[in-house]
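Participant:
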Amino acid sequence: MSRRAVTASLVAASVAYLASWFLPVVAFTPGTLVEGINAGWKAFFMALSMALKPDRLDGFWGLCTAGVLANVVVIAVPWVLRRRPAPAWLPMALAASFVINLAWIPMTSARLLPGFWLWIGSIGMLAATVVLIRRTQHASGHVNIKLNSPRDEMA
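In structure tokens:
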């Protein structure tokens, strides 16, 4: 994959992620206490509140915590990618964030709106792009793999 394509993919994922913070995320049944969450940033703060001060530790608490941690990983991507080579844990953390947060789809009886789909899609796109970045760096020799342990060198 060319450098231009990788950059375009990172920019597209970043724009989608940023847009997800301002678009409606979920619509609940009319007449309930909360009729919807009309912005991703509100969903983040609701999830953060649930993660930090849970009523009970259950699947909903787990998803709220996973959502908060996913945002932390995504926000860290620009700084982490400045390192050469990109760390091996980054694509794994993004892929885990993507897969775990897919559980929101069957777990909610509410209607998920464009903000959610952009959010989850941007995490998946970032995961795929970072995997490609790691492969490119490995193929071009940017990853130093040391096969000998320090003990082997001393002998």
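Just so you know, numbering that gives the first Met the number 0 puts the end of the sequence shown at 154, numbered straight through with nothing missing. Even for Gly, the Cβ is constructed at its ideal location relative to N, Cα and C.
1) Suppose the cutoff is 7 Å on Cβ atoms and the five residues either side in sequence are ignored; what does the same chain contact list for residue 120 look like?
2) Is residue 11 helix, strand or coil when you go by DSSP?
3) Can you give the Cα-Cα distance for residue 26 and residue 123, rounded to whole angstroms?
4) May I ask whether a heavy atom of the ligand COA can be found less than 8 Å away from the beta carbon of residue 76?
5) Pick helix, strand or coil for residue 71, following the three-state DSSP scheme.
6) Is the Cβ-Cβ distance between residue 90 and residue 55 less than 9 Å?
7) Tell me whether the beta-carbon of residue 67 lies closer than 9 Å to the beta-carbon of residue 50.
8) Taking the continuous alpha helix (DSSP H) assigned at residue 41, which residues delimit it?
9) Are three or more beta carbon pairs between the region 57-73 and the region 95-112 nearer than 8 Å?
10) For the alpha helix (DSSP H) containing residue 1, name the first residue and the last one.
11) Where does residue 97 fall in DSSP's three states?
12) Report buried or exposed for residue 36, applying the criterion of at least 16 other Cβ atoms within 10 angstroms of its Cβ.
13) Tell me which residues share the same chain as residue 126 and place their Cβ nearer than 8 Å to its Cβ, disregarding the 5 neighbours each side in the sequence.
14) Whole angstroms is fine: what's the gap from residue 87's alpha carbon to residue 13's?
15) Here's the rule I'm using: 16 or more other beta-carbon atoms within 10 Å means buried, otherwise exposed. How should residue 19 be labelled?
Facilitator: On the basis of the supplied data:
1) 15
2) Helix at residue 11.
3) 23 Å
4) This structure lacks the ligand COA; in fact it carries no ligand of any kind.
5) helix
6) No, these two residues do not count as a Cβ contact at 9 Å.
7) yes
8) 39-51
9) Under the three-pair Cβ rule at 8 Å, the region 57-73 counts as touching the region 95-112.
10) First-last for residue 1: undefined, no H or E at that position.
11) helix
12) buried
13) 90, 93, 94, 96, 97
14) 20 Å
15) buried
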